[in-house]
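Same order as they appear, the protein sequences are chains A and B.
UniProt numbering applies: residue 1 is where the first sequence begins, and numbers increase by one.
UniProt numbering applies: residue 1 is where the second sequence begins, and numbers increase by one.
The beta carbon of each residue, even a glycine, is placed where N, CA and C say it ideally should be.
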Amino acid sequence: MFKDLFQKKRKYATIPSERQERSGGPVEGERPKREIPEGLMSKCSKCGTIQYSKELEKNLKVCPSCGHHMRLNAAERIAMTLDPEGFIEFDSEMRSIDPLQFPGYASKLEQQQLKSGQPDAVITGQGSIGGHPVIVAVMNFEFFSGSMGSVVGEKITRAVEEATEKKLPMLIFSTSGGARMQESILSLMQMAKTSAALARFGEAGGLYISIITDPTTGGVSASFASLGDINIAEPGALFGFAGRIVIEQTIRQKLPDDFQTAEFNLEHGQLDMVVHRKEMRATLIKLLELHDVKGGF
Amino acid sequence: MAGELPFEMPLVEMRKKIAELQQFGAEKGIDFSDEVARLEERYRVLEEEVYSNISPSQKMHLARHQARPTSLDLMGFIFTDFIELHGDRLFGDDLAVVGGIGKLNGIPVTVIGQQRGKDTKDNIQRFFGSAHPEGFRKGLRLMRQADKFKRPIITFVDTKGAYPGNTAEERGQSEAIARNLLEMSQLGVPVICVVIGEGGSGGALALAVGNRVLMLEHAIYSAITPNGAASILWKDASKADQAAEAMRITAADLLEMEVIEEIVPEPRGGAHRDYEATAAAIKDSLWRHLQELSTMDSAELKEDRYRKFRKIGEFSEGQQELLSQEEEALDEEPSRSL
Numbered sequence: 001m002f003k004d005l006f007q008k009k010r011k012y013a014t015i016p017s018e019r020q021e022r023s024g025g026p027v028e029g030e031r032p033k034r035e036i037p038e039g040l041m042s043k044c045s046k047c048g049t050i051q052y053s054k055e056l057e058k059n060l061k062v063c064p065s066c067g068h069h070m071r072l073n074a075a076e077r078i079a080m081t082l083d084p085e086g087f088i089e090f091d092s093e094m095r096s097i098d099p100l101q102f103p104g105y106a107s108k109l110e111q112q113q114l115k116s117g118q119p120d121a122v123i124t125g126q127g128s129i130g131g132h133p134v135i136v137a138v139m140n141f142e143f144f145s146g147s148m149g150s151v152v153g154e155k156i157t158r159a160v161e162e163a164t165e166k167k168l169p170m171l172i173f174s175t176s177g178g179a180r181m182q183e184s185i186l187s188l189m190q191m192a193k194t195s196a197a198l199a200r201f202g203e204a205g206g207l208y209i210s211i212i213t214d215p216t217t218g219g220v221s222a223s224f225a226s227l228g229d230i231n232i233a234e235p236g237a238l239f240g241f242a243g244r245i246v247i248e249q250t251i252r253q254k255l256p257d258d259f260q261t262a263e264f265n266l267e268h269g270q271l272d273m274v275v276h277r278k279e280m281r282a283t284l285i286k287l288l289e290l291h292d293v294k295g296g297f
Numbered sequence: 001m002a003g004e005l006p007f008e009m010p011l012v013e014m015r016k017k018i019a020e021l022q023q024f025g026a027e028k029g030i031d032f033s034d035e036v037a038r039l040e041e042r043y044r045v046l047e048e049e050v051y052s053n054i055s056p057s058q059k060m061h062l063a064r065h066q067a068r069p070t071s072l073d074l075m076g077f078i079f080t081d082f083i084e085l086h087g088d089r090l091f092g093d094d095l096a097v098v099g100g101i102g103k104l105n106g107i108p109v110t111v112i113g114q115q116r117g118k119d120t121k122d123n124i125q126r127f128f129g130s131a132h133p134e135g136f137r138k139g140l141r142l143m144r145q146a147d148k149f150k151r152p153i154i155t156f157v158d159t160k161g162a163y164p165g166n167t168a169e170e171r172g173q174s175e176a177i178a179r180n181l182l183e184m185s186q187l188g189v190p191v192i193c194v195v196i197g198e199g200g201s202g203g204a205l206a207l208a209v210g211n212r213v214l215m216l217e218h219a220i221y222s223a224i225t226p227n228g229a230a231s232i233l234w235k236d237a238s239k240a241d242q243a244a245e246a247m248r249i250t251a252a253d254l255l256e257m258e259v260i261e262e263i264v265p266e267p268r269g270g271a272h273r274d275y276e277a278t279a280a281a282i283k284d285s286l287w288r289h290l291q292e293l294s295t296m297d298s299a300e301l302k303e304d305r306y307r308k309f310r311k312i313g314e315f316s317e318g319q320q321e322l323l324s325q326e327e328e329a330l331d332e333e334p335s336r337s338l
C-alpha cells in the first residue's frame, strides 16, 4: 500500500495527446486521469524526458536533458531572434491558389491554413537584431511541411529584392520538406527564381546569412538554403537533398544515424558552423557587426 | 519496328493483320489488293488517332523509351567538330553529364548534356543519367569557361533527377545544384536549354536556367518524377501513370504556363523513330533562338534570363484580389443566365 503511494511521481504526469488537445478533453472511453492542466508538461521527442512546458519555453524549446532542439514555428522563431520592436511583415495576405487544379490541393491548403493560422509556409519582413536592421524570411514547417510553392518562392524573392534595394543584410531561416508537389513545375521554378534574386543581391555586395533548421531538404536545400555567404545550422538539424529512405533504397545499405545532420554537414564542409539556439542571436549580431552593415552595405 | 509501347498495340495488331492477309494471298494466289488497300487506309486513320492523342502518361513512357536518343546521339547530328571535355577539377569526372565545345552552323558553342546509358553497362557507368555534385560542377566549369570566351551555351536536359546516394550527399548535392542555379542566372552569354527526354526535379533544373527553355514534343518536366509523386501521394509508386495525368508535365502544359518558350516537334511516334529528323528539328530551333539572342549584350542577356524566371508563379495577393475576382464573377453573371 505505502509503496504505491510513494512511487515516483513522474509516472502520473499525463502528457496531453494531440487528440485530447483538439477535442479539448479526455478521449471518450478512457479512464479519467488525474487533473493536470493541459499542456503543463512536455515530453522531449528525442530522449523522452518529461518537463514543465514553461521551463522548456524558457530554455528556447531545447531539451535541458539531451540538448535536442525542438522545431519552432515561424512566429516563435521571430520572437526568439529579432528585437521585440519594429517588425514589419511583408506580403502577409499572399496566398496559394491551385494553379494546376491538382486533386485535393485546394482542400489541403484550407486545412493547413486553419491548422496553422498562417496563409502559407513563410513569413517575410523587415526587423532588427541587436539594433542591426535586417530583412528576414522565416519558414514554417507547421504549414504543409514548409513546402515551397509559388507563394514561398515569390515572398522570398520579393524580400531579397527589398534587401537589395534597401542595402540591408538578408537572413533566411529555412525549414522545408522541399518543393510543393501540388504546384509541380511552378514549385521547381521557384528554386531558380529565388537563387537568381540572391545572385543579384550578392553581386550588389549584400550579406546573406542562411540559417538551416530542422529539417531542410529537397528543393529548399538545393536552392537558397545552401547559398549563404555564411551557412549556419542548429544542432542536430536534418539538412540534405534526398530523403533517407530513397538513399537507402538506392545504395541498398543502412545509413548511419547521424547521416545528413548538421554535424555531419559541418564535417563534410557544407556548413560554416553549428550554433546552439541559445547562442544564435548573439552569433548573428556578431556577424552583422563584423560586416559593419549598420548603415547598409 | 520493335519497342512499341502499350498504347501503340492496336497499330501493331493491324499491321500484323495486313501482313497475314498479304502472305495468305501470296500463298493461295488470291488477289487481296483491294482489301489490303482498305486496311491500309484504316491503318492510317488509326495511326492519326493514336498519335494525335498521346496522353501525359503515354508521353512519360515515350520520354523514357530505351531507344530514345540521348544527349550524345543528338549532339552528334547537331554539332560539328565536337570535342568532349572532362572533369570538375574538384573531385572527378561524372559521366552522367557530358560536355564540350562544338560548332553550330559554324559558330563555336559550349554544349552540355545529361547522359543516360545506352545499355546496362553504360547505364551503370553513367548512373542512369543521375548526376553527382561533380557532374553539376563539371557543367558549371564548362559554363564559366564559355562565359569567359563568349561562347553561347546549349544544354540538353535528360534525367530522372540528381543521384540520390550517400556519396552525393557527402559531397554537397544541394550546394552543387543551388550553385548552378545562382551562377547560371548570371551568365553573360546566350543560354538555351532543351529538355529532350525526362526533366526530373532539381537535377534537371541545375542545367536548365536558360534564356530559352525548349522541350521536345513528348518530353516531360516536373518537380518530382510521377513515380515519386505517386509514392508520396498514394504510397504507391506504381501509380505513376495516374500521377502523370495530374501533374501537368507535358511540353504543351509548360508552354501554356510560360515555363518554356517552344515545343520542338518529334517524328510521328516519337524521337526514337528517327534520330536525324529529331536532331534537325532541334538544330533548326536552336539556330533561330540563338540568332535572336545574339542581338543582346551580356547585361541584356542576364536581365532577359532574370525576367524569364522572375515572372513564374501563381498566387493571390489577399483581400483585394479576391474582391476583384468576385466582381469579375458578378460581371459574368448576366451572360451565364442567358
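(request) For Arg310(B), write down the residues that DSSP places opposite it in a beta bridge. (result) Taking the second sequence and counting its residues from 1, the one referred to as residue 310(B) is at position 310. Looking at the DSSP output, Arg310(B) sits in no beta bridge, so it has no partner there.
(message) Tell me the residue span of the alpha helix (DSSP H) that contains Ile177(B).
(response) Along the second sequence, one-based indexing puts residue 177(B) at 177. Here the alpha helix (DSSP H) through Ile177(B) covers Gln173 to Met184.
(message) In the DSSP assignment, the beta strand (DSSP E) including Thr278(B) goes from what residue to what residue?
(response) Working through the second sequence from its first residue, we reach residue 278(B) at position 278. That residue, Thr278(B), is in no beta strand (DSSP E); its alpha helix (DSSP H) goes Tyr275 to Leu293.
(request) Would you decide whether His268(A) is buried or exposed? Buried here means 16 or more other CB atoms lie within 10 Å of its CB. (result) As a position in the first sequence, residue 268(A) is number 268, starting the count at 1. Burial call: exposed.
(message) Give the list of continuous alpha helix (DSSP H) stretches no shorter than 4 residues that lie fully inside the region 34-97 of chain B.
(response) 56-63 and 71-78
(request) Please name the residue in Leu85(B), Ile112(B) and Leu255(B) whose C-alpha comes closest to that of Ala208(B). (result) Counting from one through the second sequence, the residue named residue 208(B) turns up at place 208. When each option's Cα is compared against that of Ala208(B), the closest is Ile112(B).
(request) Please go through the same chain and pick out, in chain order, the residues whose beta-carbon is closer than 7 angstroms to the beta-carbon of Asp151(A), but skip the five residues on each side of it. (result) Taking the first sequence and counting its residues from 1, one reaches residue 151(A) at position 151. The identity of residue 151(A) in the sequence shown is Val, whereas the question assumes Asp. Excluding sequence neighbours, Val151(A) sits near Met94, Arg95, Ser96 and Asp120.
(message) Bridge partners for Thr49(A) per DSSP, in chain order?
(response) Taking the first sequence and counting its residues from 1, one reaches residue 49(A) at position 49. DSSP links Thr49(A) through a beta bridge to no other residue.
(request) Give, in chain order, every residue of the region 179-192 of chain A whose Cβ lies closer than 7 angstroms to some Cβ of chain C. (result) The question asks about chain C, but that chain is absent: this structure's protein chains are A and B.
(message) If the cut-off is 7 angstroms on Cβ atoms, which residues from the region 159-173 of chain A count as contacting chain B, listed in chain order?
(response) none
(message) Counting only Cβ-Cβ distances shorter than 8 angstroms, please list the residues of the region 212-235 of chain A near chain B, keeping chain order.
(response) Gly218, Gly219, Ser221, Ala222, Ser223, Phe224, Ala225, Ser226 and Leu227
(message) Determine, for Leu254(B), whether the minimum Cβ-Cβ distance to residues of chain A falls below 9 angstroms.
(response) Here residue 254(B) corresponds to residue number 254 of the second sequence, with the count starting at 1. It does: the Cβ of Leu254(B) has a partner Cβ on chain A nearer than 9 angstroms.
(message) Can you pull the chain A neighbours of Gln173(B), defined as C-beta to C-beta under 9 angstroms?
(response) Along the second sequence, read from residue 1 onward, the residue named residue 173(B) stands at position 173. Result: Ser221, Ala222, Gly240, Phe241 and Ala242.
(request) Would you tell me roughly how many angstroms separate the C-alpha atoms of Asn231(A) and Gly76(B), rounded to the nearest one? (result) Taking the first sequence and counting its residues from 1, the one referred to as residue 231(A) is at position 231. Taking the second sequence and counting its residues from 1, the one referred to as residue 76(B) is at position 76. Going from the Cα of Asn231(A) to the Cα of Gly76(B) covers about 42 angstroms.
(message) Quick check: Gly203(B) and Tyr221(B), are their CB atoms within less than 9 angstroms of each other?
(response) The residue given as residue 203(B) occupies position 203 in the second sequence. The residue given as residue 221(B) occupies position 221 in the second sequence. Tyr221(B) is positioned such that its CB atom lies no closer than 9 angstroms to that of Gly203(B).
(message) So the candidates are Ile245(A), Gly48(A) and Ala137(A); which of them puts its Cα closest to the Cα of Thr194(A)?
(response) The sequence position of residue 194(A) within the first sequence is 194, counting from 1. Checking every option, the nearest Cα to that of Thr194(A) belongs to Ala137(A).
(request) For chain A, find out if any of its Cβ atoms is closer than 9 angstroms to the Cβ of Lys275(B); answer yes or no. (result) On the second sequence, position 275 is the one that residue 275(B) refers to. The amino acid at residue 275(B) is misidentified as Lys; the sequence shows Tyr. Not an interface residue.
(message) Between which residues of its own chain and Asp93(B) is the CB-CB distance below 6 angstroms, once the five residues before and five after are set aside?
(response) Counting from 1 along the second sequence, the entry for residue 93(B) is found at position 93. Once the five neighbours on either side are set aside, the close Cβ partners of Asp93(B) are His86 and Gly87.
(request) Give the straight-line distance between the Cα atoms of Leu90(B) and Glu85(A), rounded to the nearest whole angstrom. (result) By 1-based counting over the second sequence, the position of residue 90(B) is 90. By 1-based counting over the first sequence, the position of residue 85(A) is 85. Going by the C-alpha atoms only, they are around 46 angstroms apart.
(request) State buried or exposed for Ile156(A), treating a residue as buried only when at least 16 other CB atoms are found within 10 Å of its CB. (result) For the purposes of this step, residue 156(A) is taken as the residue at position 156 of the first sequence. Classification for Ile156(A): buried.
(request) Measure from the C-beta of Leu323(B) to each C-beta in chain A and report whether the shortest distance is under 9 angstroms. (result) If you number the second sequence from 1, residue 323(B) lands on position 323. In this predicted model, Leu323(B) has a pLDDT of only 47, less than 50, meaning its place in the structure is not dependable enough to derive any value.
(request) Anything in chain B within Cβ reach of Pro84(A), meaning under 7 angstroms, just list it in chain order. (result) One-based indexing of the first sequence puts residue 84(A) at position 84. Chain B residues near Pro84(A): none, gap ~26 angstroms exceeds 7 angstroms.
(message) Please report the distance separating the alpha-carbon of Asp229(A) from that of Tyr208(A).
(response) In the first sequence, the residue the question calls residue 229(A) occupies position 229. In the first sequence, the residue the question calls residue 208(A) occupies position 208. If I take the Cα positions, the gap works out to 5 angstroms.
(request) Could you please give me the residues that DSSP links to Gly99(B) through a beta bridge? (result) Taking the first residue of the second sequence as 1, we reach residue 99(B) at position 99. For Gly99(B), which the question treats as bridged, DSSP gives the partners Leu85(B) and Ile112(B).
(request) Would you mind working out which of Gln118(A), Thr216(A), Ser128(A) and Val275(A) sits nearest Pro169(A), comparing C-alpha positions? (result) Translated into positions along the first sequence, residue 169(A) becomes position 169. It is Ser128(A) whose Cα lies nearest to the Cα of Pro169(A).
(request) Check whether the Cβ atoms of Leu74(B) and Thr278(B) sit closer than 9 angstroms, and answer yes or no. (result) On the second sequence, residue 74(B) is found 74 positions in, with the first residue counted as 1. On the second sequence, residue 278(B) is found 278 positions in, with the first residue counted as 1. Yes; because the gap between Cβ atoms is below 9 angstroms, this pair is in contact.
(request) Report yes or no: do three or more beta-carbon pairs, one from the region 96-105 of chain A and one from the region 72-87 of chain A, lie closer than 8 angstroms? (result) At 8 angstroms Cβ cutoff, the stretches do not touch.
(request) Please determine, among Ser174(A), Asp258(A), Arg71(A) and Lys167(A), the residue with the shortest C-alpha to C-alpha distance to Arg200(A). (result) Here residue 200(A) corresponds to residue number 200 of the first sequence, with the count starting at 1. Ranking the options by Cα distance to Arg200(A), first place goes to Lys167(A).
(request) Say whether chain B places a C-beta atom closer than 9 angstroms to the C-beta of His291(A). (result) Walking along the first sequence from the start, residue 291(A) turns up at place 291. Answer no: the Cβ-Cβ gap between His291(A) and chain B never drops below 9 angstroms.
(message) Suppose only complete runs of 3+ residues qualify. What are the beta strand (DSSP E) ranges in the region 85-138 of chain A, listed by chain order?
(response) Correct list: 88-90 and 122-129.
(request) Flag Leu233(B) as yes if its beta-carbon sits less than 9 angstroms from any beta-carbon of chain A, otherwise no. (result) Here the question's residue 233(B) lines up with position 233 in the second sequence. Closer than 9 angstroms to some Cβ of chain A, the Cβ of Leu233(B) qualifies, so yes.
(message) Please report whether the beta-carbon of Ile97(A) lies at a distance below 9 angstroms from any beta-carbon of chain B.
(response) For the purposes of this step, residue 97(A) is taken as the residue at position 97 of the first sequence. Yes - at least one Cβ of chain B is within 9 angstroms of the one on Ile97(A).
(request) Could you name the residues of the region 122-138 of chain A whose beta carbon sits closer than 7 angstroms to any beta carbon of chain B, in the order they occur along the chain? (result) none
(message) On the DSSP letters alone, give me the boundaries of the beta strand (DSSP E) that Glu262(B) sits inside.
(response) Position 262 of the second sequence, counted from the first residue, corresponds to residue 262(B). Note, Glu262(B): beta strand (DSSP E), Glu262 to Val264.
(message) As an exercise, report each continuous alpha helix (DSSP H) stretch of at least 4 residues that is fully enclosed by the region 249-273 of chain A, in chain order.
(response) 262-267
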